[in-house]
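First the structure, in the form of structure tokens, and then the observations on it.
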Amino acid sequence: MDVFPVEIHSYICELACTDGGYTARSLGLVSKYFREVVHPYRYQSIAVSGQIQISGLERRLVNPLPHLRRVRNIFISDGGKDDEQGVPIQRSAPHITLLLGLVCSSVEKLTLHCDDPRTSTSLLAFLFGLHYPHLRELTVVGYYPFPHIPNAMPRLRYLHLNGNRNPHGLLQMGSLDVACPELTHLRISGLSRAAAFAAELAEALTRVDSRQALFNAKLPSNIRHIVVQPGVPTPVSGKFASARLSDDCMMEQLGNLVEDGKNNSGVRFTLLKRRECGDIAATSRRLWMDSLEGREKSGEVSA
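Under my numbering, think of the first position of the sequence shown as 9, with each following residue one higher.
Structure (structure tokens):
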């Protein structure tokens, strides 16, 4: 080990510490020497869930010098862990906003999973209000508003929006082009009874203007691939037949975009099968880990 200079060991640690933080913690236990070498990469890639972990990471990132708190990849979930039973989930919100403010200048891959519907919209609005000069991949889970701050994410290439059952207007206001002008891959998950958005997406992909819409739907300028995954079907009783019809209409319109090839935009469109019941936080974390391991976001991976 003494044969190689510290720069080589440092470079190896930088390449190795690209998981949820386990590798950096393990290397820090090897020896005092490696604890010093790996220290700048301790928070390079890290995943936190629940109020205890989130607030703990926030406190650790406040005081160190900027080069010692550089976070490149982070997964954040406000869902409580097993050892936090009885802790109100709302307590995570102020720590998440402070944490986002600390990492926004360096983060490259970010996933924010908001489990509490009472705070998800405000947290995601706060996220979209910050500036991310290096962000390349973003996944948000919760009832999200639309990004709108001009050039807030100038390098963003991949955006995954999950949690708004009917994001009608997303493609009509031009907000994606304004906030993330380099966006090439867009994934939208969790759709349900979203006939209006399905029609909006069909209009954008086929480039056929709707006479009924106040604003015509338009794809982001650099988009190359759109992936859509409907959410878990919502049980509907007989007296709410219109809701079932809306969901059926959505599925029919999305299916037509695949089967009929009515795509005049040159953009690839992928429709995934409906999501099954399961732990959304665990699925989101798995997709985040897949991206760290270099697995292609081809859209064939079901969430």
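Note that CB positions come from ideal geometry on N, CA and C, so glycine has one too.
All values derive from a computational prediction rather than experimental measurement.
Item	Value
In terms of residue numbering, what span does the beta strand (DSSP E) encompassing Val-148 cover?	145–149
Could you check the C-alpha separation between Gly-182 and Leu-191 for me, to the nearest Å?	12 Å
Taking the CB atoms as reference points, tell me whether Glu-208 and Ala-225 lie closer together than 8 Å.	yes
If you draw a straight line from the alpha carbon of Arg-50 to that of Arg-78, how long is it in whole angstroms?	9 Å
Helix, strand or coil for Val-79? Go by DSSP, reduced to three states.	coil
Kindly list the residues whose CB is nearer than 8 Å to the CB of Ala-290, restricted to its own chain and excluding five residues on each side of it in sequence; keep chain order.	none
Select from Ser-85, Leu-107, Ser-39 the residue whose C-alpha is nearest the C-alpha of Arg-68.	Leu-107
Assign Leu-280 to one of three DSSP states: helix, strand, or coil.	coil
Is Ser-197 closer than 8 Å to Gln-237 when the C-beta atoms are compared?	yes
Can you have a look at Arg-80 and say buried or exposed, based on whether 16 or more other CB atoms are within 10 angstroms of its CB?	buried
For Ile-157, name the three-state secondary structure that DSSP assigns.	coil
With DSSP as the reference, label Ser-299 as helix, strand or coil.	helix
Among all the DSSP beta bridges, which residues are the ones paired with Tyr-140?	Tyr-140 is not bridged to any residue.
If distances are taken between C-alpha atoms only, which option among Ala-160, Gly-137, Thr-127, Tyr-166 comes closest to Tyr-151?	Thr-127
What are the start and end residues of the beta strand (DSSP E) that includes Ser-197?	193–199
If you pair each beta-carbon of the stretch 128–141 with each one of the stretch 107–119, do three or more pairs fall below 8 Å?	yes
The beta strand (DSSP E) that contains Lys-238, what's its start and end?	Reading off the sequence shown, one finds Pro at residue 238, where the question assumed Lys. Unbroken beta strand (DSSP E) run through Pro-238: 233–238.
State the start and end residues of the unbroken alpha helix (DSSP H) segment that holds Val-186.	183–187
Near Thr-242, which residues of its chain fall below 6 Å by C-beta distance, leaving aside the five closest residues on each side in sequence?	Ser-200
Flag this pair as yes or no: are the beta carbons of Ile-234 and Phe-277 separated by less than 8 Å?	yes
Provide the residue span of the alpha helix (DSSP H) that contains Leu-65, from first to last.	58–70
Ignore the nearest five residues each way along the sequence and tell me which others in Ile-104's own chain have a CB closer than 7 Å to its CB.	Ile-62, Ile-84, Asp-86, Leu-131
Could you give the distance in angstroms between the alpha-carbon of Asp-90 and the alpha-carbon of Asn-230?	In this prediction, Asp-90 has a pLDDT of 48, which is less than 50 and means its spatial position is unreliable; what the coordinates show is noted afterwards. Whole-angstrom Cα-Cα distance: 43 Å.
Counting only the same chain and skipping the five closest in sequence on each side, list residues whose C-beta sits under 8 Å from that of Pro-158.	Val-186, Ala-187
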